[in-house]
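Participant: Let me give you the structure first, and then I'll get to my questions.
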Amino acid sequence: MTHSRKRTGRGPLAREAQIAGWLFVSPMVLGFTLLLLFPMGLALYMSLTDWPLLGDHQFIGLENYRNVMTDAMFWKVLANTVYFTAGLVPLNIVLALLLALLLSRSLRGIGIFRTATFVPVMTSLIVWSIVWKLMYATESGLINQLLLMIGIKGPAWLYNQDLAMPAVIVTSVLKNVGLNMVLFIAAIQQVPRSLYEAATLDGAGRKGTFFHVTLPMITPTVFLTMVMTVIGSLKVFGQIYVMTQGGPSNSTKVLVYYIWEKAFKLFQFGYASSLAYVLFFIVLILTLLQWQLRKRWVFNEGDA
Amino acid sequence: MPSSSFRKTGSALGTYLLLTLISLIMIVPFIWMLSTSFKEPQSIFTYPPQWIPDTFRFQNYIDVFRLIPFHRFYFNSVYIAAVVVLGTVFFASLAGYAFAKIPFKGRNVVFLILLSAMMIPHEVTAIPMFLFMRQLGWIDTHLPLILLPIFGAGGVFGIFVMRQFFITVPTELEEAAMIDGCNRFRIYARIMLPIAKPGMATLTIFTFVTIWNEFFDPLIFINSRELMTLPLGLSLFTDEVGTAWQYLMSATVMATLPLLIVFFLAQRRFIEGVAMTGLKE
């Protein structure tokens with residue numbers, strides 16, 4: 036590799052590589068600059084302005100950010116977002132891990148179960164949410180009809196302040212658990228068989244094998260999926276939009292829903308941009324944290 | 047997994063029971079959707095729950111097309127997905143090849159900038175994009191829905207996937223072609239692309255699924271019913287017809303079918319692709 040790079044480092048071949056390289060990446064780089072970098076910068080500027088749909092915008096400095104901090108609804112939606120994330124992530128990871136353990140065994144017909152678990156991942160979030168809205172329906176919903184069979188009159192799941200968010204969380208976990216499951220299956224299959232054999236020789240039971248061999252060996256994947264799932268949860272929108280529209284009485288109104296409402300319903304682009312930047316900073320911090328901690332688990336990986 | 051050490055009939059039976067239960071919870075919504083899609087409005091409310099309707103009302107499926115411009119939603123979804131997939135695979139493989147195999151100045155810096163942009167929440171850029179597109183007069187057209195995924199985060203993800211594939215191709219192959227007088231584009235088109243077919247397949251499925259399911263962008267950029275894609279069209283349908291579940295469910299069945307077919311055909315490759323890249327959208 037170093038050898039060939041040295042060879043192409045000078046002379047006509049090198050010139051050719053400069054031109055060809057930039058030519059090949061230019062459509063993406065150009066599009067990316069125009070459609071990602073430029074709007075990113077503009078959004079930062081907008082977050083410092085009062086920017087209505089019509090008429091001129093006005094530069095107001097950090098006013099929007101100050102308003103965000105004193106906006107009771109912002110804290111409410113942030114708390115809702117944290118509630119959603121804190122509810123979803125552990126459920127998702129534990130269920131995905133459990134499924135992966137079950138589904139990485141070589142049993143007959145295992146493919147059917149893997150597919151069943153993965154089908155919701157493939158389904159559109161909107162379709163999934165619409166179908167679950169029907170499942171939760173007070174009169175005609177399957178859940179309440181089944182509850183009625185054992186003599187329980189089910190609640191109005193999505194119209195109850197205390198139940199709406201848990202209901203959305205359950206739906207969301209089932210939607211995406213298959214994705215983490217696949218990643219866990221891949222990780223479990225990479226654990227060297229010799230370690231299991233050693234554990235068996237040491238007389239470790241199934242539980243012992245899991246906690247002393249499997250889990251330590253797949254912590255990198257556990258960590259990765261955890262951070263990715265947290266970041267994904269912070270951006271929850273579609274299921275809220277379809278199932279509850281943020282209600283009842285704002286109990287499921289999450290950050291992105293609030294941003295969408297401010298920007299595309301009320302056309303307060305400046306304020307919405309500062310809300311979006313707050314989201315960006317949260318994601319940025321989590322990503323940097325992941326990057327920092329990466330060293331630690333990479334080390335663990337080599338150590339094991 | 048050391049299945050041999052666990053392979054006891056009892057434990058296998060327990061596993062099957064557990065797996066069946068979980069799979070049922072995953073699948074029941076779909077069965078219920080299918081069942082409801084054939085029901086008469088009055089039999090949706092019947093108790094105890096009716097899994098198989100007394101009479102199958104196929105008319106629901108036809109009525110959907112009369113109630114909403116469903117064929118329009120369908121056509122829009124199909125052609126937008128097709129254009130975006132083609133565009134993404136072409137531009138991302140072009141760039142992915144260069145990032146993997148052509149040693150040009152600034153390559154690593156540009157690649158890092160591209161990658162770091164993948165963590166930008168879409169909601170941040172959506173607001174200026176809306177204004178930008180309005181300036182161009184592209185609101186309520188399909189252009190934003192086509193250009194944004196090809197050159198935005200989806201495209202960057204594509205570059206990443208394709209680069210991974212091209213890196214594994216031995217350099218000797220290229221050098222031999224160069225000595226034979228092939229230029230870079232010929233090498234890319236004639237040698238590299240055929241080798242990267244599995245990568246392109248993975249990227250195709252990923253992109254297709256993402257675009258077929260995309261909701262946020264159509265919600266922002268599209269107003270006219272005739273221009274809506276399936277997810278957006280269906281979500282509006284919940285408001286307008288309210289509790290006409292039988293129509294909504296037959297429309298939903300039809301919207302989900304192509305994806306399920308694609309998935310069953312490409313299932314193994316897709317799951318491998320997810321595991322291989324270790325990435326989620």
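So the protein sequences, as listed, match chains A and B. Under the numbering used here, residue 339 is the last one in the first sequence; the count climbs by one each step, no gaps. Under the numbering used here, residue 327 is the last one in the second sequence; the count climbs by one each step, no gaps. Heads up, the beta-carbon is just placed ideally off N, CA and C, and yes, glycines get one too.
Between which residues of its own chain and Leu160 (chain B) is the CB-CB distance below 6 Å, once the five residues before and five after are set aside?
Facilitator: Counting from 1 along the second sequence, the entry for residue 160 (chain B) is found at position 114. Answer for Leu160 (chain B): Val202, listed in chain order.
Participant: How should Trp163 (chain A) be labelled, buried or exposed, when 16 other C-beta atoms within 10 angstroms of its C-beta is the threshold for buried?
Facilitator: The residue you call residue 163 (chain A) lines up with position 128 of the first sequence. With 16 or more Cβ atoms within 10 Å of its Cβ, Trp163 (chain A) is classed as buried.
Participant: At which residues does the alpha helix (DSSP H) containing Asn269 (chain B) begin and terminate?
Facilitator: Counted from its first residue, the second sequence places residue 269 (chain B) at position 223. Looking at the DSSP string, Asn269 (chain B) is not in any alpha helix (DSSP H), and its letter there is neither H nor E.
Participant: If we ignore side chains and look at the alpha-carbon of each, how far apart do Ile178 (chain A) and Val156 (chain B) end up?
Facilitator: For the purposes of this step, residue 178 (chain A) is taken as residue 143 along the first sequence, with counting starting at 1. For the purposes of this step, residue 156 (chain B) is taken as residue 110 along the second sequence, with counting starting at 1. Their Cα atoms are separated by approximately 52 Å.
Participant: Quick check on Phe67 (chain A) - is its C-beta less than 9 Å from some C-beta in chain B?
Facilitator: Within the first sequence, residue 67 (chain A) is the residue found at index 32, counting from 1. At least one chain B Cβ lies under 9 Å of Phe67 (chain A).
Participant: From Ser49 (chain B) to Ala191 (chain A), what does the alpha carbon distance come to, in whole angstroms?
Facilitator: By one-based count along the second sequence, residue 49 (chain B) stands at place 3. By one-based count along the first sequence, residue 191 (chain A) stands at place 156. Below a pLDDT of 50, predicted positions are generally treated as unreliable, and Ser49 (chain B), at 47, falls in that range; the measurement from the model is reported next regardless. Straight-line Cα distance between these residues: approximately 45 Å.
Participant: If contacts are defined as beta-carbon pairs under 8 Å, then Phe254 (chain B) and Val131 (chain B) qualify, I think. What distance do you get, rounded to the angstrom?
Facilitator: Indexing the second sequence from 1 puts residue 254 (chain B) at position 208. Indexing the second sequence from 1 puts residue 131 (chain B) at position 85. Contact holds; Cβ gap of about 5 Å.
Participant: How is the alpha helix (DSSP H) around Trp163 (chain A) delimited, first residue to last?
Facilitator: The residue labelled residue 163 (chain A) in the question sits at position 128 within the first sequence. It spans 160–171 - the alpha helix (DSSP H) in which Trp163 (chain A) sits, taken as one unbroken run.
Participant: What residue does the alpha helix (DSSP H) around His168 (chain B) start on, and which one ends it?
Facilitator: If you number the second sequence from 1, residue 168 (chain B) lands on position 122. Note, His168 (chain B): alpha helix (DSSP H), 168–182.
Participant: Express the C-alpha separation of Glu221 (chain B) and Trp78 (chain B) in angstroms, rounding to a whole number.
Facilitator: Stepping through the second sequence from its first residue, residue 78 (chain B) is reached at position 32. Stepping through the second sequence from its first residue, residue 221 (chain B) is reached at position 175. Their backbone Cα atoms lie some 58 Å apart in a straight line.
Participant: With which residues is Phe94 (chain A) paired in a DSSP beta bridge?
Facilitator: Working through the first sequence from its first residue, we reach residue 94 (chain A) at position 59. DSSP output for Phe94 (chain A) lists A:Thr84 as bridge partner(s).
Participant: With a floor of 4 residues, list each alpha helix (DSSP H) that falls wholly inside the segment 186–222 of chain B, ordered by position along the chain.
Facilitator: Runs of the alpha helix (DSSP H) inside the segment 186–222 of chain B: 189–197, 199–213.
Participant: Go through the segment 93–138 of chain B residue by residue and report every complete run of the alpha helix (DSSP H) that reaches 4 residues or more, in order.
Facilitator: Listed in chain order, they are 105–113.
Participant: Is the Cβ-Cβ distance between Phe309 (chain B) and Met216 (chain A) less than 9 Å?
Facilitator: Here residue 309 (chain B) is taken as the residue at index 263 of the second sequence, counted from 1. Here residue 216 (chain A) is taken as the residue at index 181 of the first sequence, counted from 1. No, Cβ-Cβ distance for Phe309 (chain B) and Met216 (chain A) is not below 9 Å.
Participant: Residues of the segment 223–246 of chain B with a CB closer than 7 Å to any CB of chain A: list them in chain order, please.
Facilitator: Going along the segment 223–246 of chain B in chain order, one finds Arg230 with a Cβ nearer than 7 Å to chain A.
Participant: Quick check on DSSP: helix, strand or coil for Glu232 (chain A)?
Facilitator: For the purposes of this step, residue 232 (chain A) is taken as the residue at position 197 of the first sequence. Helix, per DSSP.
Participant: If the cut-off is 7 Å on Cβ atoms, which residues from the segment 88–114 of chain B count as contacting chain A, listed in chain order?
Facilitator: Residues Ile90, Phe91, Tyr93, Pro94, Pro95.
Participant: If you drop the 5 nearest sequence neighbours on each side, which residues of the same chain put their C-beta closer than 8 Å to that of Ala144 (chain B)?
Facilitator: Taking the first residue of the second sequence as 1, we reach residue 144 (chain B) at position 98. Cβ within range, chain order: Phe150, Arg153.
Participant: In chain order, which continuous runs of the alpha helix (DSSP H) of length 4 or greater are located wholly inside the segment 174–261 of chain A?
Facilitator: Counting whole runs of 4 or more residues, the segment 174–261 of chain A contains the alpha helix (DSSP H) stretches 177–184, 199–224, 228–236, 241–244.
Participant: Is Leu319 (chain A) close to chain B, meaning its C-beta is less than 9 Å from at least one C-beta of that chain?
Facilitator: Residue mapping note: residue 319 (chain A) aligns to position 284 of the first sequence, counting from 1. Output row for Leu319 (chain A): interface = yes.
Participant: Could you check whether Pro277 (chain B) and Ala301 (chain B) sit closer than 9 Å to each other, using their CB atoms as the reference points?
Facilitator: As a working mapping, residue 301 (chain B) is identified with position 255 in the second sequence. As a working mapping, residue 277 (chain B) is identified with position 231 in the second sequence. Against a cut-off of 9 Å, the Cβ pair of Pro277 (chain B) and Ala301 (chain B) comes out as a contact.
Participant: The ligand NAP and His188 (chain B): does the residue's C-beta get closer than 8 Å to at least one heavy atom of that ligand?
Facilitator: No copy of the ligand NAP occurs in the structure displayed, which carries no ligand at all.
Participant: May I ask you to report which of helix, strand or coil DSSP gives Ile148 (chain B)?
Facilitator: Taking the second sequence and counting its residues from 1, one reaches residue 148 (chain B) at position 102. Ile148 (chain B): coil per DSSP, three-state reduction.
Participant: Less than 9 Å between the C-beta atoms of Gly2 (chain B) and Met72 (chain B), yes or no?
Facilitator: The displayed coordinates of chain B run from 47 to 327. Any statement about residue 2 (chain B) would go beyond what the structure contains.
Participant: Using only alpha-carbon positions, find the residue among A:Leu209, A:Thr68, A:Leu142, A:Ala52 that is nearest to Leu59 (chain B).
Facilitator: Here residue 59 (chain B) is taken as the residue at index 13 of the second sequence, counted from 1. Per the Cα distances, A:Leu142.
Participant: Give me the chain B residues within the contact set of Tyr4 (chain A), using Cβ-Cβ distance strictly less than 9 Å, ordered along the chain.
Facilitator: One cannot answer for residue 4 (chain A) here, as it falls past the ends of chain A, which runs 36 to 339.
Participant: From Leu265 (chain B) to Asn229 (chain B), what does the alpha carbon distance come to, in whole angstroms?
Facilitator: Stepping through the second sequence from its first residue, residue 265 (chain B) is reached at position 219. Stepping through the second sequence from its first residue, residue 229 (chain B) is reached at position 183. Cα-Cα distance, rounded: 44 Å.
Participant: What three-state label does DSSP hand Gln280 (chain A) in the structure shown?
Facilitator: In the first sequence, counting from the first residue as 1, residue 280 (chain A) sits at position 245. The answer is coil: DSSP assigns Gln280 (chain A) none of H, G, I, E or B.
Participant: Measuring only the C-alpha atoms, how far is Phe267 (chain B) from Thr275 (chain B)?
Facilitator: Residue numbering aside, residue 267 (chain B) sits at position 221 when the second sequence is read from its first letter. Residue numbering aside, residue 275 (chain B) sits at position 229 when the second sequence is read from its first letter. Roughly 11 Å between the two C-alpha positions.
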